Amino acid sequence: MIVVDSSVWIAQIRRQRTAQVKRLTEANPLELIVGDVVLLELLQGARDEAHASALLRNLQRFHPVEMMSLEVAIEGGRNYRHLRRLGITTRKTTDLIIATYCILNGHELLHQDRDFSPYARHLGLKLAS
């Protein structure tokens, strides 16, 4: 399964031609996960209620999951402290949740966000290509 980060969904909405958007459009929708945290980020950026409704309708055809759990909170704290010991500061808690969820569940992450690089380099986050 592939978790798709909001950075890729936003690029697709903006009709940007990137390798990640191409991978998204070519993927089997049944293999794509939309996490609750990702959905929240996307709905926060909606222009109005009509746009939010359209986004929700389009994203519901993919596999929705609740990413935040006690296990993700505990492991996410460990991941944060591990990266901090290496001199790396996590900028966004949402990225920490998404990366930790993927690591714990063995899912790949499709993203366009440099903030995920330390998770791949130091914590074993699998990246979709």
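Read left to right, the sequence shown gives residues 0 to 128 (numbering that gives the first Met the number 0).
Heads up, the beta-carbon is just placed ideally off N, CA and C, and yes, glycines get one too.
Please read these numbers as outputs of a predicted model, since none were measured by experiment.
*asked:* Since residue 35 and residue 66 should fall inside the 8 Å C-beta cutoff, what is the C-beta to C-beta distance between them, to a whole number of angstroms?
replied: Walking along the sequence shown from the start, residue 35 turns up at place 36. Walking along the sequence shown from the start, residue 66 turns up at place 67. The Cβ separation is near 6 Å, so the contact holds.
_Assuming residue 97 is part of the alpha helix (DSSP H), what are its boundary residues?_
The sequence position of residue 97 within the sequence shown is 98, counting from 1. Counting along the chain, the alpha helix (DSSP H) containing residue 97 begins and ends at 92 to 104.
_Assess contact between the stretch 21 to 31 and the stretch 40 to 47, defined as three or more Cβ pairs (one per stretch) separated by less than 8 Å. Is contact present?_
no
*For residue 41 versus residue 5, is the C-beta spacing smaller than 8 Å?*
Residue 41 sits at position 42 when you count from the first residue of the sequence shown. Residue 5 sits at position 6 when you count from the first residue of the sequence shown. Against a cut-off of 8 Å, the Cβ pair of residue 5 and residue 41 comes out as a contact.
*asked:* Can you check which of these residues, 60, 56, 122, is closest to residue 85 by C-alpha distance?
replied: The residue given as residue 85 occupies position 86 in the sequence shown. With distances taken between Cα atoms, residue 85 lies closest to 122.
_Using a Cβ-Cβ distance cut-off of 8 Å, determine whether residue 64 contacts chain B._
No chain B appears in the structure shown, which is made up of a single protein chain.
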